[in-house]
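Asks: Okay, handing you the structure first.
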Amino acid sequence: MASSYSADDRLDDALHEIANLYIENRAEEARTKGEALLNDTALSHHHRLQALVLVAMMTEPVHLGLRYLKRAEQLWRELRQQHPEGRDDVTDNLLLQSREGLDEATEMLTRELEGNGEAMEVKNEAKVKEEAEDTEEQSDNREGDTDDMAKTRDMMDSMFIGGGKGKEPMRPRERSKVTDDGAFSESDSEFEHQLHLASLELRCHLLADDDEDDAP
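Adding 283 to a residue's 1-based position in the sequence shown gives its number in my numbering.
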């Protein structure tokens, strides 16, 4: 007695097995079986459409899953062209079911892809905002540095020769040269000249103090 278990029944069972594996969160195993089924030479056009949709739904990243749906869409259009609507009720019914499954899968994956894009956009916006805040903080720091530099310049400007107001600020000239007798040459800076005078004055004070100590 011939078996009533046909090739279509075997393919139906294979599709159901793949779907059940996916439902049980065994996506990798389901996808492997789905890929193997797509390589089955006995696969009918109708079963291939279903297999393409199943594999697309379990493929990551999403844009790769959409490639399977693109293949399914192309196959569906070819079948529709080969079998114009109204000629065969069975074929029309199969193509209608395939169309509904294909549209639903496409909508789901497209929505997921857009959601991923929105999530990435939000992430990028957050990154841009963070970089802007960092830039603003760095700008504040630079302004603080500028204020500190201005204070430093003011402090330097306040250091006049002799310490009195109204004096000219220190302006370095050519590096000083000392002659053999200890005197400064004409190229000495005014600051060093004043420093030399102050040193001489300090020596005079020290000598005076020594004389007072030596006095009876």
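Note that the Cβ used here is the ideal one computed from N, Cα and C, for glycine as well.
Quick one: give me the first and last residue of the alpha helix (DSSP H) that Ala-297 is part of.
Replies: Ala-297 -> alpha helix (DSSP H) spans 290-306.
Asks: In the structure shown, what three-state DSSP assignment does Thr-389 receive?
Replies: Helix at Thr-389.
Asks: Is it buried or exposed for Thr-255, if we count other Cβ within 10 angstroms and need 16 for buried?
Replies: Here the chain has residues from 284 to 499 only, and residue 255 is not among them.
Asks: Beta-carbon within less than 8 Å of Asp-292's beta-carbon, same chain only, minus the 5 sequence neighbours each way: which residues are those?
Replies: Cβ neighbours of Asp-292 beyond the five flanking positions: none.
Asks: Quick check on this structure: which residue in Gln-365, Leu-377, Lys-316 and Arg-370 has the alpha carbon closest to the alpha carbon of Leu-332?
Replies: For the residues Gln-365, Leu-377, Lys-316 and Arg-370, the minimum Cα distance to Leu-332 belongs to Leu-377.
Asks: How far does the alpha helix (DSSP H) with Ala-325 in it reach, from first residue to last?
Replies: Segment: none, Ala-325 is in no alpha helix (DSSP H) and carries neither H nor E.
Asks: According to DSSP, is Thr-342 part of a helix, a strand, or is it coil?
Replies: Coil at Thr-342, not helix or strand.
Asks: As a quick exercise: from Asn-303, Leu-392 and Arg-394, pick the residue whose alpha carbon is nearest that of Lys-316.
Replies: For Lys-316, the nearest C-alpha among the options comes from Asn-303.
Asks: Please name the residue in Glu-368, Gln-364 and Glu-395 whose C-alpha comes closest to that of Leu-503.
Replies: Given a span of 284 to 499 for the chain in the structure shown, any question on residue 503 remains unanswerable.
Asks: Are Leu-337 and Ile-306 close, meaning C-beta to C-beta below 8 Å?
Replies: Taking 8 Å as the Cβ cut-off, Leu-337 and Ile-306 do not qualify as a contacting pair.
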